[in-house]
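Peer 1: Got a structure here, written out as C-alpha cells. Questions coming.
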Amino acid sequence: MFATDDEKKERPATTTPMPGLDRELENEEDDLAIEEIQPFSGTSATAVEVLEEEDKTSGSDSDARRSSSTGKEDAGVPPGLDLPPRPETPAPPYSTFTNRQKIAITLTVSFLAIISPLSGQVYLPALNAIADDLHVPVSDINLTITTFMIFQGIAPSFIGNLSDVYGRRPAYLICFSIYVLANLGLALQNSYAALMVLRCFQSMGSSATISLSSATVADLVTRAERGKFIGFAAMGVTLGPALGPVAGGLLTQYFGWHGIFWFLLILSSVLFMFGFLPEPCRNIVGNASVYPPWWNLSVWQYVRARRLTPAERAAAGDHSTLQRGRRRPNPFAAMRILLEKEGGVTLGCGALLATGYFMVLTTFSEQLKARFGFNPVVVGLCYLPLGFGTLTSRWTIGLLLDWNFRRWARKLRLTIDLNKQQNLDVFPIEKIRLQISLMAIYLASVAVIAYGWTMERQASLAGIEIALFFMGVCFAGAMNGINTLIVDTHPESPATAVAANNLFRCFMSAGGSAIANPLIARIGMGFTSVLIAGVWVGFSPILWVVMFRGAAWRAATKAKQDRKKTAKALAASGV
C-alpha cells in the first residue's frame, strides 16, 4: 500500500520531491518550453542560465546531488526545486532545404503561377479584334473576362484544399492537364459560345497556381522570412500583367488573335517542368525529410527512391515534423475562412482593393484607344509600367514586411531563428503585416486619383505611365501584406486560405470589371478614380480594427475549435 524509502528513490523523474510544488513545477516547465522566444524582463535569468551558472560553481556538491537523483540530470538545480531535464536534442529545423534550394523552388512555382495573370492579360489588347471576327459587340467579349474571373475564384477553392491534403504536385498535374486541353480548344475554335466555355476551363486550369505558389512558401519558410519569399512567389503573378498585354498586342498584330492561344499552349507545355519540383507540402513530407508516396515523388526523388527498400523509405526522415491536418478534401473549407471574424473582414478589404485595381486594368486599353488612338502593340507596351511597378514591390514593400517583423521582435525582446517557426501567441502578427499594408493602401489611393485625372484631361502619357507605376508598387505591396497575413494565421491549410482570398477577390473584381466601362461613360475617368480611392480609404478603418483586435479574435476562434475537438474526442471515446 505504501512505498518504502528505496521504492521512492526508484520512482520516475516525473514525480515531485515536495508536496505543494506541482503548480510551481508546471510553471517552470512552461517557461522552459517557450524560453526560445519568450524574453525575461529585467536582469532575471532563464532556467537554462541558472543551470549553466550552477554547473560552473557547484563542483562536488553538484556531483553528489546528481548521484542521489532519481535518474534526471539535475546538476545545479537550486535547493527545493526539481526541474525537468534539459532537452538533449534541439528541435528539428522548420525545413531541411537550404536557402538556395528554397529560393529555387519559390522561383519555380512563381514561374508556374505566371499562367493565371498571363492568360487574363494577354487577352486584353485583342478584345476589339475578337469582337470584329466573331461579329459580336465588345461588351459581349467583356463578359468572357467576367466569367474568366468568376471561375478564377471558384477553382482554387477545390484544388487548393486538395493540395493541402494530397500534396502540391498532384494539384499541379490537374491544373496543367486542364489548361493544356483548354488552350488547344481555344486555338481551334471560331465561335462566341466556344470562346466563352473554353475560357472558363482555361481559368480553372490556371487560377489555382497562384494559391499553390503561396502555399509552397508557407511550406518552406517561417513567418520571419515570409514577406520576402511571398515577394519571390509573386514575381510570376506580377510579371503576367506586365508581359501579357505586350505579348497579346504583338501576337494579335502579326498572327491574329488565335495566335494568343497557340502561344499559351506552347508555354503550358514547357511549364510541365514542375515534374522536377520536389513535394513541399508539410502534411506529406514534414520538413522535407520524409519520403512522400509515389504519386508525390519528383523525377529525382523517384530515381533515389528506387535504391531504397520500402522499409528504408518508411523509416527515413523526421516524422514528428509531419503536420497532421484534414485527411479528406473539403471544397467548402474556403467558405469557413470567409466566415471567420478576422479572416472574413481581412479578405473583404483585400477584395475591395483588388476590385478597384481590376477596374483600372480592364478599362485601360479602351481608354488608350479612345483618347490616343493607339494600335494593339502600343497599347500592350503601355501596360509595362504597371507590371514593373508590381514587380518592384518585391524589393520595396516585401522587404519592409520583413523589416517590420524584425523591428517588432527587437521591441518584444524575442529571438528570431529563421529556421524555427514563431509562436503567434506572443507575436502581434496582425500589427506587423497591416502596418505596412495600410501605408501602401493610402499611397495607392493617391496614385489611382493621379492616374484618373491625368487620363481624363489627356494631360500627358508620361504622367499616366508614372501614376500607373506607383499604383502597381503600392497595390502589389498592400496585397502581399494581406496575403501573407492570411497564410500566417492559417498554417495548417495555406492553399485553402489563399483560395478563400482568391474566391472573394475574383467575385468582387468580376463585378467591378463589368460595371467599370458604364461607370466611366457616366461620370468620367477622373471621378471614377476618386470613387475607387474613396472606397479604399473609407474601408481602411476596418483593417485598423483587425490590427488591434485580430489577435483576440484569433484566440477566441482557436479556443472554440479546441473545445469542438475535445468534445468530439470525448464522444468518440464514449466518455
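1 is the number of the first residue of the sequence shown in UniProt numbering; add one for each residue after it. Beta carbons are placed, not taken as given, at the ideal position from N, Cα and C, and that holds for glycine. Since we're looking at a predicted model, the values are computed, not measured.
1. Determine contact between the region 435-452 and the region 474-487, defined as no fewer than three beta-carbon pairs at a distance below 8 Å.
2. Determine the DSSP secondary structure at residue 435, reduced to helix, strand or coil.
3. Which of the three DSSP states is assigned to residue 288 in this structure?
4. Is the distance from the Cβ of residue 258 to the Cβ of residue 187 below 8 Å?
5. Kindly give me the distance between the Cβ atoms of residue 171 and residue 162, rounded to whole angstroms, as I take these residues to be in contact under 8 Å.
6. Secondary structure at residue 334, three-state DSSP: helix, strand or coil?
7. Should residue 119 and residue 213 be called a contact, given that it needs their Cβ atoms to be closer than 8 Å?
8. Tell me which residues share the same chain as residue 550 and place their Cβ nearer than 6 Å to its Cβ, disregarding the 5 neighbours each side in the sequence.
9. Apply the 10 Å Cβ neighbour rule to residue 2 and answer buried if 16 or more other Cβ atoms are within range, or exposed otherwise.
10. Return the Cβ separation of residue 655 and residue 487 in integer angstroms, given the expectation that the two are a contact with Cβ distance under 8 Å.
11. Assuming residue 461 and residue 389 form a contact by the criterion Cβ under 8 Å, report the distance between their Cβ atoms to the nearest whole angstrom.
12. Does DSSP put residue 474 in a helix, in a strand, or in coil?
13. Would you kindly check if the distance between the Cβ of residue 96 and the Cβ of residue 289 is under 8 Å?
14. If you run the structure through DSSP and keep just helix, strand and coil, what is residue 393?
15. Where residue 455 and residue 132 are concerned, what is the direct C-alpha to C-alpha distance, given to the nearest angstrom?
16. Take every Cβ of the region 174-186, pair it with every Cβ of the region 530-540, and state whether three or more of those distances are shorter than 8 Å.
17. Grab the span of the alpha helix (DSSP H) containing residue 342 for me, first residue to last.
18. So residue 333 packs on residue 98, CB below 8 Å; how close in whole Å?
19. So the alpha helix (DSSP H) residue 561 belongs to, where does it begin and stop?
20. Should the region 220-235 be called in touch with the region 392-401, which here means at least 3 C-beta pairs below 8 Å?
21. Could you give the distance in angstroms between the alpha-carbon of residue 116 and the alpha-carbon of residue 308?
22. Locate the alpha helix (DSSP H) running through residue 161, then write down its first and last residues.
23. Can you tell me the Cα-Cα spacing of residue 475 and residue 240, whole angstroms?
24. Select from 265, 152, 356 and 242 the residue whose C-alpha is nearest the C-alpha of residue 532.
25. Quick check on DSSP: helix, strand or coil for residue 460?
26. Identify every run of the alpha helix (DSSP H) within the region 220-270, keeping only runs that are complete inside it and at least 4 residues long; order them along the chain.
27. Flag this pair as touching only if the region 260-279 and the region 144-152 have three or more C-beta atom pairs under 8 Å; answer yes or no.
28. With a threshold of 8 Å between beta-carbons, can residue 445 be considered close to chain C, or not?
29. With respect to the alpha helix (DSSP H) encompassing residue 379, which residues constitute its N-terminal and C-terminal limits?
30. Determine the DSSP secondary structure at residue 122, reduced to helix, strand or coil.
31. Relative to the alpha-carbon of residue 281, which residue among 492, 344, 110 and 380 has its alpha-carbon at the smallest distance?
32. Would you kindly work out how many angstroms separate the C-alpha atoms of residue 387 and residue 296, rounded to a whole number?
33. Which word fits residue 373, buried or exposed, when buried means at least 16 other C-beta atoms lie within 10 angstroms of its C-beta?
Peer 2: Short version:
1. At 8 Å Cβ cutoff, the stretches touch.
2. Three-state DSSP puts residue 435 in a helix.
3. Of the three classes helix, strand and coil, the one that applies to residue 288 here is coil, per DSSP.
4. Yes, the pair counts as a contact, with Cβ atoms nearer than the cut-off.
5. Going by Cβ atoms, the distance from residue 171 to residue 162 rounds to 6 Å, so yes, they are a contact pair.
6. Three-state result, residue 334: helix.
7. No, they are not a contact pair.
8. Around residue 550: 342 and 430.
9. Note that residue 2 scores 41 on pLDDT, short of 50, meaning its location in the model is unreliable; the coordinates nonetheless yield the value given after this. So residue 2 ends up on the exposed side.
10. Given that the chain is displayed from residue 1 to residue 575, the structure contains no residue 655 and the question cannot be resolved.
11. That belief does not hold up - the Cβ atoms of residue 461 and residue 389 are roughly 16 Å apart, past 8 Å.
12. Of the three classes helix, strand and coil, the one that applies to residue 474 here is helix, per DSSP.
13. Between residue 289 and residue 96, the CB-CB gap stays under 8 Å.
14. The answer is coil: DSSP assigns residue 393 none of H, G, I, E or B.
15. The straight-line gap from Cα to Cα measures roughly 26 Å.
16. Verdict: no, contact absent.
17. Residue 342: member of the alpha helix (DSSP H) spanning 341-372, first to last residue.
18. With 8 Å as the limit, residue 333 and residue 98 do not qualify as a contact, their Cβ atoms being about 32 Å apart.
19. For residue 561, the enclosing alpha helix (DSSP H) has its first and last residue at 494-573.
20. Counting Cβ pairs under 8 Å, three or more are found: they touch.
21. Cα to Cα, residue 116 sits roughly 38 Å from residue 308.
22. Counting along the chain, the alpha helix (DSSP H) containing residue 161 begins and ends at 138-166.
23. Separation of residue 475 and residue 240 (C-alpha to C-alpha, rounded to the nearest whole angstrom) is 15 Å.
24. When each option's Cα is compared against that of residue 532, the closest is 356.
25. In the three-state DSSP reduction, residue 460 falls in the coil class, being neither helix nor strand.
26. Unbroken alpha helix (DSSP H) stretches of 4 residues or longer found wholly inside the region 220-270: 223-255 and 258-270, given in chain order.
27. Contact fails: fewer than three Cβ-Cβ distances are below 8 Å.
28. Looking for chain C here will not work: only one protein chain is present.
29. Note, residue 379: alpha helix (DSSP H), 376-382.
30. The answer is coil: DSSP assigns residue 122 none of H, G, I, E or B.
31. Per the Cα distances, 492.
32. Each residue's Cα considered, the two are about 34 Å apart.
33. Residue 373 is exposed by the Cβ-count criterion.
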